[in-house]
Amino acid sequence: MWVVEVRQLLLQELDWRDESRFIFQMHVQSVMMNKHLSTCPLLPAPLCLFVFSPFFCLSLSLPGCLCQAADLTIERNPVLKPKPEPSTLVFGKQFSDHMLTISWSAAGGWEAPQIKPFQNLSLHPASSALHYSIELFEGMKAFRGVDNRIRLFRPMLNMERMYRSTERSCLPLFDKDELIKCINKLVEIDQEWVPYSTDASLYIRPTFIGTEPSLGVSRAGHALLFVIVGPVGPYFATGGFSPVSLLADPRYVRAWRGGVGEYKMGGNYGPTIAVQSEAARQKCQQVLWLYGENEEITEVGTMNLFIYWTTEKGEKELVTPPLDGIILPGVTRQSLLDLAREWGDFKVTERRVLMKELIDALDDGRILEVFGSGTACVVCPVGSLLYRGQTYQIPTMKNGPDLAKRFHKELTDIQYGRTQRDWAPLII
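Residue numbers (the working numbering): 285 to 712.
Pasting the structure below:
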């Protein structure tokens, strides 16, 4: 009720033509509002009346809020590193010459974005990201096309997902379009780091961390949004289109309903390393994550999972788990679903799939292909599954894999400019 009254006050009493009066009164209302926002709100859109900053945050204080890509400052690195050969790239090991940083505080709002030489961060030892995992990240790529132009791939889907993760983390909200503009400029400056290869790309890692220098478990009053980039080759050591082996162990759970499995937060990834190590000990490359007493299939490693099979009624179907809170809404996942529905060659279904259904289909010979999808790997075929002490051979490679390869070709044709589509906006 109080928020509604303040909103009406702004609409009815402020003289919008008098900018100085509006700024003063908005600042007064912001101070009042901050006293009432002691918990983490997920602000509805109408509350944007309080702020006209493209990089708006949960802080409603005025100073420093006017932050946008137009305010970007650039400090070029005087010493540029040599660029690695695409054939030598290891995922996530090499980084470019520059980075993007944008600082925020509850008292001052967003500071101007900065592109500066790649460097270490300086953090207070009590920073909230270090103790309570108040942080999130994204993963996206830039591609050098066959026309030598550089493209992103569906970047707004990444920004929308990052925005949702930001809300869930109680970090300050930002303008998605303005952040994309800043990222575009970073890629433009480091464009020589985008590999001259259609087998490699520039990985982009936006990261958002709470830097509140306090051990209290509360919303961060200080935060840092930064972006680093680096050239990458194939995500898996097997490279190319080689199949991976999976371990499915119902003792381990990646996420649960009501939790944060649908958000891209570091806390979803660190705890999986021990299970990944167990999979490696059993000669498997990735983990097939199960959930609940019915052993619902959720994700495979850090990828979304797709099963292409013949149903018991004899119908070809592509099925993938739904976005019901325990899987990440992948950009590549959405792209595969969009393509499959455009083609109309088979049934496309998003539903819960039980482990028993997969095993029964394997026993009946109805499985055609199983593959994972993700920004890092694009499409990755699955060749075998270790479950309750038994190894099941999955005939993905025996069947081409026609569908997985079709998806891979369609996506990479768009990413590298062989096929023109608005999914791949040009940077340069």
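Heads up, the beta-carbon is just placed ideally off N, CA and C, and yes, glycines get one too. Source: prediction; values computed, not measured.
Grouping DSSP H, G and I as helix and E and B as strand, with all else coil, what is residue 435?
Residue 435 sits at position 151 when you count from the first residue of the sequence shown. Collapsing the DSSP output to three states places residue 435 in a strand.
Top-ranked residue by Cα proximity to residue 515, from 673, 375, 704 and 666
As a position in the sequence shown, residue 515 is number 231, starting the count at 1. Measuring from the Cα of residue 515, the nearest candidate turns out to be 375.
Nearest-angstrom Cα distance between residue 564 and residue 580?
Walking along the sequence shown from the start, residue 564 turns up at place 280. Walking along the sequence shown from the start, residue 580 turns up at place 296. For residue 564 and residue 580, the distance between alpha carbons rounds to 22 Å.
Can you grab the Cα-Cα spacing for the pair residue 705 / residue 501, in whole Å?
On the sequence shown, position 421 is the one that residue 705 refers to. On the sequence shown, position 217 is the one that residue 501 refers to. Going from the Cα of residue 705 to the Cα of residue 501 covers about 45 Å.
Looking at the ligand NAD, does it come within less than 8 Å of residue 383, judged from the CB to the closest heavy atom?
Ligands displayed in this structure: none; no statement on the ligand NAD is therefore possible.
Alpha carbon to alpha carbon, how far is residue 668 from residue 675? Give it in angstroms, no decimals.
In the sequence shown, counting from the first residue as 1, residue 675 sits at position 391. In the sequence shown, counting from the first residue as 1, residue 668 sits at position 384. Each residue's alpha carbon lies about 7 Å from the other.
I need the DSSP call for residue 704, collapsed to helix, strand or coil.
Counting from one through the sequence shown, the residue named residue 704 turns up at place 420. When DSSP states are grouped into helix, strand and coil, residue 704 belongs to the coil group.
Select from 456, 517 and 397 the residue whose C-alpha is nearest the C-alpha of residue 465.
For the purposes of this step, residue 465 is taken as residue 181 along the sequence shown, with counting starting at 1. A check of alpha carbon separations from residue 465 across 456, 517 and 397 identifies 397 as the nearest.
If we count the other Cβ atoms within 10 Å of its Cβ and call it buried at 16 or more, is residue 569 buried or exposed?
Within the sequence shown, the letter at position 285 stands for residue 569. Residue 569 comes out buried.
Whole angstroms are fine: how far does the CA of residue 623 sit from the CA of residue 526?
Residue numbering aside, residue 526 sits at position 242 when the sequence shown is read from its first letter. Residue numbering aside, residue 623 sits at position 339 when the sequence shown is read from its first letter. Residue 526 and residue 623: Cα-Cα distance of roughly 23 Å.
Please classify residue 468: does DSSP put it in a helix, a strand, or coil?
Counted from its first residue, the sequence shown places residue 468 at position 184. For residue 468, the three-state secondary structure derived from DSSP is helix.
Check the C-beta distance from residue 572 over to residue 532 and give it rounded, since I have them as a contact under 8 Å.
Locating residue 572 in the sequence shown gives position 288, where the first residue counts as 1. Locating residue 532 in the sequence shown gives position 248, where the first residue counts as 1. About 4 Å; that satisfies the 8 Å criterion.
Residue 692, buried or exposed, once every other Cβ within 10 Å from all chains shown has been counted against 16
Within the sequence shown, residue 692 is the residue found at index 408, counting from 1. When all chains shown are included, residue 692 counts as buried.
Looking at the strands, I want to know which residues DSSP matches up with residue 666.
Residue 666 sits at position 382 when you count from the first residue of the sequence shown. Per the DSSP secondary-structure output, residue 666 pairs in a beta bridge with 528.
Three or more C-beta pairs under 8 Å: does that hold for the segment 652-664 against the segment 580-594?
With a cut-off of 8 Å, the segment 580-594 and the segment 652-664 count as touching, because enough Cβ pairs lie within range.
Nonlocal neighbours in the same chain, by C-beta distance under 7 Å from residue 463, ignoring five residues either side:
Position 179 of the sequence shown, counted from the first residue, corresponds to residue 463. Counting only Cβ-Cβ distances below 7 Å, and skipping sequence neighbours, we find 443.
Specify, as a first and last residue, the run of the alpha helix (DSSP H) that residue 699 falls within.
Taking the sequence shown and counting its residues from 1, the one referred to as residue 699 is at position 415. For residue 699, the enclosing alpha helix (DSSP H) covers residues 686-699.
If contacts are defined as beta-carbon pairs under 8 Å, then residue 696 and residue 662 qualify, I think. What distance do you get, rounded to the angstrom?
For this step, residue 696 is matched to residue 412 along the sequence shown. For this step, residue 662 is matched to residue 378 along the sequence shown. That belief holds up - the Cβ atoms of residue 696 and residue 662 are roughly 7 Å apart, short of 8 Å.
Excluding sequence positions up to five away, which residues of its chain have a Cβ less than 7 Å from the Cβ of residue 499?
Locating residue 499 in the sequence shown gives position 215, where the first residue counts as 1. Excluding residues within five positions, the ones whose Cβ falls inside 7 Å are 410 and 415.
Compute the Euclidean distance between the alpha carbons of residue 599 and residue 528, then round it to the nearest angstrom.
Counting from 1 along the sequence shown, the entry for residue 599 is found at position 315. Counting from 1 along the sequence shown, the entry for residue 528 is found at position 244. The straight-line gap from Cα to Cα measures roughly 27 Å.
Taking the beta strand (DSSP E) that residue 587 belongs to, which residues open and close that run?
The residue labelled residue 587 in the question sits at position 303 within the sequence shown. Residue 587 -> beta strand (DSSP E) spans 587-594.
Would you mind reading off the limits of the alpha helix (DSSP H) that contains residue 386?
Numbered from its first residue, the sequence shown carries residue 386 at position 102. From DSSP, residue 386 is part of no alpha helix (DSSP H) but of the beta strand (DSSP E) over 382-389.
If contact is defined by three or more beta carbon pairs under 8 Å, each pair taking one atom from either stretch, is the segment 430-447 in contact with the segment 475-491?
Segments in contact, yes.
Please report the distance separating the alpha-carbon of residue 429 from that of residue 690.
As a first step, residue 429 must be located in the sequence shown, where it is residue number 145. As a first step, residue 690 must be located in the sequence shown, where it is residue number 406. Near 19 Å, if we compare the C-alpha coordinates of residue 690 and residue 429.
Return the chain-ordered list of same chain residues with a C-beta closer than 8 Å to the C-beta of residue 543, the five sequence neighbours on each side being excluded.
What you label residue 543 is simply residue 259 of the sequence shown in a count that begins at 1. Only 609 and 610 meet the Cβ criterion.
Whole-angstrom Cβ separation of residue 606 and residue 635, contact assumed at under 8 Å?
In the sequence shown, the residue the question calls residue 606 occupies position 322. In the sequence shown, the residue the question calls residue 635 occupies position 351. Indeed, because the Cβ distance is near 6 Å, the residues count as touching under 8 Å.
In angstroms, rounded to a whole number, what distance separates the CA positions of residue 424 and residue 366?
Locating residue 424 in the sequence shown gives position 140, where the first residue counts as 1. Locating residue 366 in the sequence shown gives position 82, where the first residue counts as 1. The straight-line gap separating the alpha-carbon atoms of residue 424 and residue 366 is approximately 23 Å.
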